[in-house]
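Position 162 of the sequence shown, counted from 1, bears residue number 170 in the numbering used here, the numbering being contiguous throughout. Every residue, glycine too, gets a C-beta built ideally from N, C-alpha and C. Before any comments, here is the structure.
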Amino acid sequence: MNRTAHAFWLDSPGRGEIREIALPAPGEDEVLVRSLYSGVSRGTETLVFRGGVPESQYTAMRAPFQEGDFPGPVKYGYLNVGVVEEGPAALVGRTVFCLYPHQTRYVVPASAVTPVPDDVPAGRAVLAGTVETAVNALWDAAPLIGDRIAVVGGGMVGSSVAALLARFPGVRVQLVDADPVRAETAEALGVGFALPGDALGDCDLVVHASATEQGLTRALELLGAEGTVIELSWYGDRKVSLPLGEAFHSRRLVIRSSQVGTVSPARPGRSYADRLALALDLLADPALDALITGESAFEELPGVMPRLASGEIPALCHLVRYGRTTP
9 MNRTAHAFWL
19 DSPGRGEIRE
29 IALPAPGEDE
39 VLVRSLYSGV
49 SRGTETLVFR
59 GGVPESQYTA
69 MRAPFQEGDF
79 PGPVKYGYLN
89 VGVVEEGPAA
99 LVGRTVFCLY
109 PHQTRYVVPA
119 SAVTPVPDDV
129 PAGRAVLAGT
139 VETAVNALWD
149 AAPLIGDRIA
159 VVGGGMVGSS
169 VAALLARFPG
179 VRVQLVDADP
189 VRAETAEALG
199 VGFALPGDAL
209 GDCDLVVHAS
219 ATEQGLTRAL
229 ELLGAEGTVI
239 ELSWYGDRKV
249 SLPLGEAFHS
259 RRLVIRSSQV
269 GTVSPARPGR
279 SYADRLALAL
289 DLLADPALDA
299 LITGESAFEE
309 LPGVMPRLAS
319 GEIPALCHLV
329 RYGRTTP
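Put into structure tokens, the structure is as follows:
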């Protein structure tokens with residue numbers, strides 16, 4: 009067995025490189041995984057790539073198998089699907105999801121991988137980490153039958169939330185984004201679409217995921233009386249201003265944060281493993297393929313990441329593929 013691998017590292021803000029590394033032999037209760045695909049979550053990962061993680065959040069923003077420290081050099085990422093080549097007999101040959109960075113092969117505890125259901129293609133399974141975020145957000149939001157809901161921000165996380173809300177009975181769901189191209193995503197997911205100025209108001213619930221001051225302001229404007237905004241955006245080191253005068257108090261509006269680092273308090277009996285397994289089960293829906301909007305080879309990442317960070321490649325989830333013979 010070849011005991012070397014290649015990994016994508018952020019050498020310094022704005023500059024990535026591929027490094028050859030030595031792999032340890034897997035120990036008892038560990039697995040050796042050969043990557044099939046990984047995914048670039050454009051919002052968080054491009055913020056890391058630009059060096060935008062504030063120093064106060066260095067610890068909170070660490071990925072499970074991150075190496076190095078912000079702002080760099082750092083090996084960062086958390087959407088990986090591969091095949092177990094060595095490890096416990098029950099896992100060898102299985103396709104698994106792991107919260108691992110972009111690397112051709114890796115060794116992790118067997119407990120860190122989750123088998124991908126047979127009816128979920130390996131490429132689509134890279135979305136598990138983002139759909140897991142959407143699951144947690146909806147546990148926090150607790151939408152009800154018949155709710156009027158807007159999702160402001162049609163990026164990877166917002167679109168994942170909209171896709172899950174499309175399954176709720178009797179709800180009015182509208183994906184709101186400044187980019188008219190997102191109308192195609194909304195149609196594929198089975199939800200309505202509107203530009204910010206045309207969005208339907210009087211909402212019971214708005215999920216905000218645009219990571220912009222304008223988006224959060226518009227989310228508040230779309231609420232009906234006593235409505236709630238669930239804030240999913242990560243702003244990094246940016247400050248935002250909000251109109252908390254005007255009708256904010258008279259309409260008794262609520263802004264509540266949600267993030268995937270902890271399981272929603274609304275589901276105290278659920279574990280991280282339960283949440284991830286649920287996300288993978290939900291990925292049996294082929295409509296979620298609409299969230300994968302670009303693809304490149306692993307070897308191209310040093311050139312692709314700057315283009316993702318600048319917006320030249322306007323991806324939701326960018327799929328990274330790995331060759332079978334690449335060590």
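Under 9 Å between C-beta atoms of residue i and residue j
{"i": "GLU28", "j": "MET313", "result": "no"}
{"i": "GLY160", "j": "ASP185", "result": "Note on residue identity: the sequence assigns Val, not Gly, to residue 160. The answer is yes: Cβ separation under 9 Å."}
{"i": "THR122", "j": "LEU316", "result": "no"}
{"i": "VAL328", "j": "GLY76", "result": "no"}
{"i": "ALA287", "j": "ALA142", "result": "yes"}
{"i": "VAL139", "j": "ILE157", "result": "no"}
{"i": "LEU296", "j": "ALA171", "result": "yes"}
{"i": "TYR45", "j": "PHE73", "result": "no"}
{"i": "SER266", "j": "ILE238", "result": "yes"}
{"i": "PHE78", "j": "GLY51", "result": "no"}
{"i": "SER49", "j": "GLY137", "result": "yes"}
{"i": "VAL169", "j": "ALA194", "result": "no"}
{"i": "VAL115", "j": "ALA33", "result": "yes"}
{"i": "CYS211", "j": "LEU230", "result": "yes"}
Separation of residue j from residue i, as counted between CA atoms
{"i": "VAL111", "j": "LEU261", "result": "Residue identity check: residue 111 is Gln in the sequence provided, not Val. The alpha-carbon atoms of GLN111 and LEU261 are separated by roughly 44 Å."}
{"i": "ALA98", "j": "PRO204", "result": "50 Å"}
{"i": "ARG246", "j": "PRO96", "result": "45 Å"}
{"i": "GLU38", "j": "GLY80", "result": "28 Å"}
{"i": "ALA219", "j": "TYR243", "result": "6 Å"}
{"i": "GLY101", "j": "VAL92", "result": "5 Å"}
{"i": "PHE201", "j": "GLY311", "result": "33 Å"}
{"i": "GLU320", "j": "GLY277", "result": "43 Å"}
{"i": "LEU183", "j": "LEU290", "result": "20 Å"}
{"i": "LYS83", "j": "GLU254", "result": "45 Å"}
{"i": "PRO273", "j": "PRO151", "result": "15 Å"}
{"i": "ALA227", "j": "ALA71", "result": "29 Å"}
{"i": "LEU336", "j": "TYR280", "result": "What the structure shows of the chain is the stretch from 9 to 335, and residue 336 is not part of that stretch, so it cannot be assessed."}
{"i": "ALA191", "j": "GLU94", "result": "44 Å"}
{"i": "GLN65", "j": "LEU55", "result": "13 Å"}
Strand pairing of residue i, partner residues [DSSP]
{"i": "ALA15", "result": "ARG27, GLN111"}
{"i": "THR103", "result": "VAL91"}
{"i": "ALA233", "result": "Bridge partners of ALA233: none, in fact."}
{"i": "SER305", "result": "Checking the displayed sequence, the identity of residue 305 turns out to be Ala instead of Ser. DSSP, once it has assigned bridges, lists ARG329 as partnering ALA305."}
{"i": "ARG264", "result": "ILE238"}
{"i": "HIS216", "result": "VAL160, GLU239"}
{"i": "ILE300", "result": "CYS325"}
{"i": "VAL199", "result": "According to DSSP, which records beta bridges pairwise, VAL199 is partnered with nothing at all."}
{"i": "LYS83", "result": "GLU75"}
{"i": "THR122", "result": "PHE105"}
Nearest residue (CA-CA) to residue i, options the options
{"i": "ALA30", "options": "PRO129, HIS257, SER46, ARG113", "result": "ARG113"}
{"i": "VAL89", "options": "PHE73, ALA97, SER43", "result": "SER43"}
{"i": "TRP147", "options": "ASP297, PHE16, LEU240", "result": "LEU240"}
{"i": "ASP188", "options": "ASP206, TYR86, PHE176", "result": "Looking at the sequence itself, residue 188 is Pro, so the reference to Asp does not match. Selected option, being the one with the closest Cα: ASP206."}
{"i": "GLY35", "options": "ILE263, LEU309, GLY232, ALA118", "result": "ALA118"}
{"i": "LEU213", "options": "LYS83, LEU197, ASP155, GLY163", "result": "ASP155"}
{"i": "ALA149", "options": "SER168, THR236, ARG226, ASP293", "result": "THR236"}
{"i": "SER258", "options": "THR225, GLY232, PHE306, CYS106", "result": "GLY232"}
{"i": "PRO129", "options": "LEU224, THR67, ALA292, LEU197", "result": "ALA292"}
{"i": "VAL268", "options": "VAL165, ALA196, LEU230, SER318", "result": "VAL165"}
{"i": "GLY302", "options": "GLU308, CYS325, ASP282", "result": "CYS325"}
{"i": "SER304", "options": "ALA174, ARG11, THR225, GLY331", "result": "GLY331"}
Boundaries of the alpha helix (DSSP H) in which residue i is found, first to last residue
{"i": "SER167", "result": "164-173"}
{"i": "GLU347", "result": "Only positions 9 to 335 of the chain appear in the structure, and residue 347 is not among them; the question remains open."}
{"i": "GLY35", "result": "Run containing GLY35: none; DSSP gives neither H nor E here."}
Start and end residues, beta strand (DSSP E) containing residue i
{"i": "ARG70", "result": "Neither: ARG70 is in no beta strand (DSSP E) and is coded neither H nor E."}
{"i": "GLN182", "result": "180-184"}
{"i": "GLY223", "result": "Element bounds for GLY223: not the beta strand (DSSP E) but the alpha helix (DSSP H), 221-229."}
{"i": "ALA158", "result": "156-160"}
{"i": "GLY47", "result": "38-49"}
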